[in-house]
Amino acid sequence: MDPRRAAVGSLTFLVRRVWLNMRSAIAGELTAFGLSTSQYATLLMAEVRPGMSASDIAREVASSRQAANEMLVGLEQEGLIERRTNPSDRRSHQIFVTESGRTRLAAARKAVDRCEAELEAAFTPEQRAAIREWLEGISAARR
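Reminder that position 112 of the sequence shown reads as 112 in UniProt numbering, one-by-one numbering, no gaps.
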């Protein structure tokens, strides 16, 4: 096999290329809402799992704790999240989405859903379900 094709056909590089393409498309949609992909992901996670810590956020968005904290400061300054002292560990804070954050997230989510639907349009519902199942399986295998 041609070594150039082997690198291109590598599962790791294919997934990375798909991620970069999707991230670029979604980032374009999110600019209208003043959000980055990491900020959007943070709002999504904090809405589903209220009370997450900065460390939890950093792990989920694959960034350093410092970078996550900087992002959280920006979201807090915009009034999209609030940080509350963790009652069981006074050294850490819990992240909660504000009403303003929920409103912006709902609007951005419609745009992201539309973008994802366009990216998935060439696939049958069965293929989309299989792809999602496979991605969840790969993700869970390394936890």
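The C-beta atom is built at its ideal place from N, Cα and C for all residues, glycine as well.
Going along the chain, which residues of its own chain have a beta-carbon closer than 6 Å to the beta-carbon of Phe96, five neighbours each way excluded? Pro50 and Glu82
Could you tell me the alpha carbon to alpha carbon distance between Asp56 and Glu118, rounded to whole angstroms? 31 Å
Buried or exposed (CB count within 10 angstroms, at least 16 for buried), Ala54: buried
Between the C-alpha atoms of Ala130 and Leu20, what's the straight-line distance to the nearest angstrom? Cα to Cα, Ala130 sits roughly 21 Å from Leu20.
Proximity winner among Ala140, Asn69 and Ala111, relative to Ser92 (alpha-carbon distances): Of the candidates Ala140, Asn69 and Ala111, Asn69 places its Cα closest to the Cα of Ser92.
Environment of Arg114 [buried if 16+ CB atoms lie within 10 Å]: exposed
Counting only the same chain and skipping the five closest in sequence on each side, list residues whose C-beta sits under 6 Å from that of Gln94. Gly51, Arg84 and Asn86
Assuming Arg128 and Glu120 make a contact with CB atoms under 8 Å, what is their CB distance in whole Å? 5 Å
Could you spell out the range, first to last residue, of the alpha helix (DSSP H) harbouring Phe123? Counting along the chain, Phe123 falls outside any alpha helix (DSSP H), and DSSP gives it neither H nor E.
Quick one, which of Ser63, Val15, Gln39 and Ala111 has its alpha-carbon nearest Gln77's? Closest in C-alpha terms to Gln77, from the list Ser63, Val15, Gln39 and Ala111, comes Gln39.
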